[in-house]
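Residue numbers (the working numbering): 267 to 605.
Cβ atoms here follow ideal geometry from the backbone N, Cα and C, with glycine treated the same way.
Take a look at the structure below.
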């Protein structure tokens, strides 16, 4: 076991900022019922919190997610995001750089409670030749170590995204494999999507459910464009081309990926949500980030379908994969024709 005293000064500083940020978040907590009952609370905030509490009950009662104090309190932080994640990848690789932390193991991103600190760290990586991406995050899970609150950053979402995010973060508390970001995030995404669909179905919101499923299909089409482009880049990076020529072809392929996403948006009338990336110029870190969250989702959804949508049996199957070798977890993603 590594103690804080054996870590580098940089690592100790990082962990200290994380501790301070977590303390601020927990110190600001108020019980949701008290916030709703407070006459000074904005009516829109009250409505959003009430909907979140109904969905929180649904999460434990109908989705088998942890029944604990998480998302029963509320913290108002007064900023756009709770943390800013740094994602990085080498100039000629689509594999993300990884960092090791207590409890989580190796993960494909590094979070900061202050945007300036995240950007400063990303700039240092960029100076060393990495492609980087800094993205604001509205919510995260402490994996059940603390009673995670709802955050004012989460309330900026639409209602379905707020509810889905809560299901996603609770899924991390249910099953989490240290050191396997792709497995963890894709599992949580599968629970989020199944949970939102069941939430809408339970409320008789058939039109909203149809719209949600259509949006998920459209998102999957965009993610496939990005995944296919990432595969082409991986083949390029595995070649023996001189660095200058590889650098030129890299930029050409990134431009082609961006153009394909734009063309799909125009055909479908969809805004993919990747505008900022496309406007600033795609890079390896952007593509690595998408892979972490979405590449394995179809495999998990096939596994859920193989258990006839029974979440209890699905969770048992996922736990078995979590206990097993990494190769079995990778196979879930690598075999699109099987469940």
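Beta-bridge pairing of residue i - partner residues as DSSP gives them
| i | result |
| --- | --- |
| residue 296 | 340 |
| residue 367 | 371 |
| residue 598 | Bridge partners of residue 598: none, in fact. |
| residue 398 | 354 |
| residue 417 | 341 |
| residue 477 | Answer by DSSP bridge pairing: none, since residue 477 is not bridged. |
| residue 376 | 352 |
| residue 403 | 349 |
Where residue i falls, given that 16 or more other Cβ within 10 Å makes a residue buried
| i | result |
| --- | --- |
| residue 434 | buried |
| residue 480 | exposed |
| residue 535 | exposed |
| residue 415 | buried |
| residue 297 | exposed |
| residue 514 | exposed |
| residue 645 | Here the chain comprises residues numbered 267 to 605, so residue 645 is not present and cannot be evaluated. |
| residue 461 | buried |
| residue 520 | buried |
| residue 446 | buried |
| residue 489 | buried |
| residue 275 | Residue confidence for residue 275 is low, a pLDDT of 38 falling below 50, so the modelled location carries little weight and cannot support an answer. |
| residue 438 | buried |
| residue 595 | buried |
| residue 537 | exposed |
| residue 467 | exposed |
| residue 304 | exposed |
| residue 394 | exposed |
| residue 386 | exposed |
| residue 459 | buried |
| residue 282 | exposed |
| residue 389 | exposed |
| residue 456 | buried |
| residue 321 | buried |
Residue i versus residue j - alpha carbon distance
| i | j | result |
| --- | --- | --- |
| residue 314 | residue 531 | 30 Å |
| residue 323 | residue 549 | 40 Å |
| residue 496 | residue 309 | 45 Å |
| residue 511 | residue 541 | 28 Å |
| residue 380 | residue 440 | 28 Å |
| residue 285 | residue 411 | 13 Å |
| residue 328 | residue 378 | 34 Å |
| residue 575 | residue 474 | 20 Å |
| residue 325 | residue 562 | 23 Å |
| residue 504 | residue 494 | 16 Å |
| residue 600 | residue 406 | 27 Å |
| residue 523 | residue 417 | 35 Å |
| residue 295 | residue 572 | 41 Å |
| residue 333 | residue 508 | 56 Å |
| residue 291 | residue 300 | 17 Å |
| residue 477 | residue 547 | 30 Å |
| residue 340 | residue 307 | 12 Å |
Chain-order list of residues whose beta-carbon lies under 8 Å from that of residue i (same chain, five-residue window excluded)
| i | result |
| --- | --- |
| residue 396 | 354, 355, 356, 357, 363, 551 |
| residue 581 | 330, 440, 441 |
| residue 591 | none |
Whole-Å CB distance - residue i paired with residue j, under 8 Å assumed
| i | j | result |
| --- | --- | --- |
| residue 335 | residue 413 | 4 Å |
| residue 453 | residue 584 | 6 Å |
| residue 566 | residue 598 | 7 Å |
| residue 233 | residue 516 | Residue 233 falls outside the range modelled here, since the chain spans only 267 to 605, and no answer is possible. |
| residue 360 | residue 554 | 6 Å |
| residue 346 | residue 419 | 7 Å |
| residue 421 | residue 311 | 6 Å |
| residue 492 | residue 443 | Residue 492 to residue 443, Cβ: 24 Å. No contact. |
Close beta carbons around residue i, own chain, < 6 Å, minus the five adjacent residues each side
| i | result |
| --- | --- |
| residue 401 | 351 |
| residue 464 | none |
| residue 317 | 425 |
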